[in-house]
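Position 207 of the sequence shown, counting from 1, maps to 206 under numbering that gives the first Met the number 0, and the rest follow consecutively.
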Amino acid sequence: MLEESEDDILSDNETKSKGNITLEHLCEDTSEQSKPWWKIKTIVNWPFVSPQRRNLSWVQLAGHKGNFKAGGEGTILKKFSENEKLCFERLQGDVLQDFVPGYYGVVERDGDPFLHMTDLLVNFDRPSVMDCKMGVRTYLEEEVVRARERPKLRRDLFDKMLEVDSEAPSPQEHLQRAVTKPRYMQWRETLSSTHTLGFRIEGIKATDGTCHTDFKKTRSKEDITQIFRDFATNNTNILNCYLSKLAKIQQALMSSEFFKRHEVIGSSLLFIHDHTDRAEVWLIDFGKTTALPEGQTLDHSIPWQEGNREDGYMWGLDNLMRTLGSLTNKGTSEGMTAFLGYVTFHLRNRTCYLSPGKAASPSVFNLLCFLATVDFHINLSPSTLTTKHHQ
0 MLEESEDDIL SDNETKSKGN ITLEHLCEDT SEQSKPWWKI KTIVNWPFVS
50 PQRRNLSWVQ LAGHKGNFKA GGEGTILKKF SENEKLCFER LQGDVLQDFV
100 PGYYGVVERD GDPFLHMTDL LVNFDRPSVM DCKMGVRTYL EEEVVRARER
150 PKLRRDLFDK MLEVDSEAPS PQEHLQRAVT KPRYMQWRET LSSTHTLGFR
200 IEGIKATDGT CHTDFKKTRS KEDITQIFRD FATNNTNILN CYLSKLAKIQ
250 QALMSSEFFK RHEVIGSSLL FIHDHTDRAE VWLIDFGKTT ALPEGQTLDH
300 SIPWQEGNRE DGYMWGLDNL MRTLGSLTNK GTSEGMTAFL GYVTFHLRNR
350 TCYLSPGKAA SPSVFNLLCF LATVDFHINL SPSTLTTKHH Q
């Protein structure tokens with residue numbers, strides 16, 4: 000059966016109902032700058048505005064106008080999503096609560112329900128913002144299963160694949176000039192650092208308002224590192240602050256009951272800083288984060304195979320921290336500087352924790368990796384290196 004219509008590839012109508020949206024453009028209404036912000040197709044699922052502090056218009060959303068509205072002082076309203084509401088409710092009291100937007104329940108505005116939450120940009124002055132989508136896939140397992148149970152050949156997806164790489168389709172797909180949705184989804188993930196590093200940059204807004212979203216084919220560690228360097232304007236204070244925030248998030252994730260019992264898909268880390276060197280990192284977007292069956296948990300670092308529901312979030316976070324670490328200590332061999340922050344080695348289900356401290360030498364790095372495989376707990380601090388064998 001051949002289907003020719005085009006829709007949202009990642010999640011079709013399911014994502015639209017769960018509240019994941021796309022920003023079309025942002026406009027700044029000030030006396031000093033009359034030009035509109037750059038038009039964008041995809042950027043963070045968060046408004047880059049703080050209506051209480053600056054005379055900025057709210058975002059215009061591509062096909063979803065009204066998803067965000069101004070709330071009270073320091074808050075915003077996001078279009079209601081049952082799935083995201085459940086996540087926020089379950090996060091209350093969890094160790095991750097301090098790293099997600101404050102949640103104040105469901106309110107009604109103009110007859111429609113909205114989630115009432117903190118405006119994460121309220122305390123920043125002309126912030127720079129980056130959205131990093133975490134994990135090794137951006138689609139739910141159920142989407143693959145559902146599409147396979149009702150296979151449809153898609154000409155539009157074949158054309159998209161062809162535009163990127165004429166050799167990507169198989170001989171059979173070239174013959175039928177169409178591909179199935181699962182095939183397209185899994186192929187598309189291989190184009191970006193989602194596949195190579197377990198995270199990808201979705202979009203960046205610079206302090207001058209310019210927006211960039213052309214990162215879907217950015218997959219090399221070198222390119223990602225350069226993007227982070229440019230984003231932070233090579234400011235070591237900001238990079239170290241981000242690394243410290245990620246270390247705290249990593250600690251919280253490792254002890255979070257919520258994280259252990261949820262498949263985290265399509266969620267992002269939102270990086271925010273401004274000219275004062277203030278920097279924050281937040282977990283956002285839970286429209287596709289789903290609870291696991293009773294009694295099931297995830298490791299979040301082992302490879303995904305259909306059926307295990309693993310999302311690769313922790314693997315991506317480790318790589319993200321290594322990327323930032325490599326920018327904060329020049330002259331140290333690549334990968335070693337990640338020891339400036341927490342790094343987790345998931346080897347044979349053993350964990351190696353490293354506190355912020357001095358970069359390790361290659362020999363120390365190799366030793367730590369070895370010890371992590373033989374059931375040692377390792378702590379690296381600025382002045383000491385200790386190991387403690389688990390009893």
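Backbone N, C-alpha and C fix where the C-beta goes; we use that ideal spot for every residue, glycine too.
- Residue 133 is positioned such that its CB atom lies closer than 8 Å to that of residue 198.
- For residue 99 and residue 119, the gap between their C-alpha atoms comes out near 9 Å.
- Contact between residue 131 and residue 268 holds: their C-beta atoms lie close to 5 Å from each other, under 8 Å.
- For residue 323, there is no enclosing beta strand (DSSP E); the residue is found in the alpha helix (DSSP H) stretching over 312 to 324.
- For residue 242, the enclosing alpha helix (DSSP H) covers residues 235 to 254.
- In this structure, DSSP gives residue 214 a state outside helix and strand, which the three-state scheme calls coil.
- Here residue 78 carries a strand assignment [DSSP, helix/strand/coil].
- DSSP lists no beta-bridge partner residue for residue 160.
- If you check the CB distance, residue 159 and residue 180 do not come in under 8 Å.
- At least 8 Å separates the beta-carbon of residue 276 from that of residue 206.
- By a beta-carbon distance limit of 8 Å, residue 300 does not contact residue 286. Their separation comes to about 23 Å.
- Bounds of the alpha helix (DSSP H) holding residue 230 are 220 to 230.
- Collapsing the DSSP output to three states places residue 206 in coil.
- Here residue 293 carries a coil assignment [DSSP, helix/strand/coil].
- Comparing alpha carbon positions, the residue from 87, 102, 156 and 262 closest to residue 116 is 102.
- Fewer than three Cβ pairs drawn from the region 134 to 141 and the region 77 to 92 lie within less than 8 Å of each other, which leaves the two stretches out of contact.
- Residue 163 is positioned such that its CB atom lies closer than 8 Å to that of residue 190.
- DSSP places residue 186 within a helical segment (H, G or I) once states are collapsed to three.
- The C-alpha of residue 122 lies about 40 Å from the C-alpha of residue 307.
- For residue 279, the enclosing beta strand (DSSP E) stretches over residues 278 to 283.
- Secondary structure remark: continuous beta strand (DSSP E) runs of at least 3 residues inside the region 104 to 180, in chain order: 111 to 117 and 127 to 133.
- Under the criterion of beta carbons closer than 8 Å, residue 114 and residue 282 do not qualify as touching, at roughly 15 Å.
- Listed in chain order, the non-local C-beta contacts of residue 172 below 6 Å within the same chain comprise 178, local neighbours out to five positions each way being set aside.
- Counting only residues of its own chain and dropping the five nearest sequence neighbours on each side, residue 167 has a CB closer than 7 Å to the CB of 160 and 186.
- DSSP places residue 199 within a strand segment (E or B) once states are collapsed to three.
- Rounded to whole angstroms, the separation of the alpha carbons of residue 313 and residue 284 is 17 Å.
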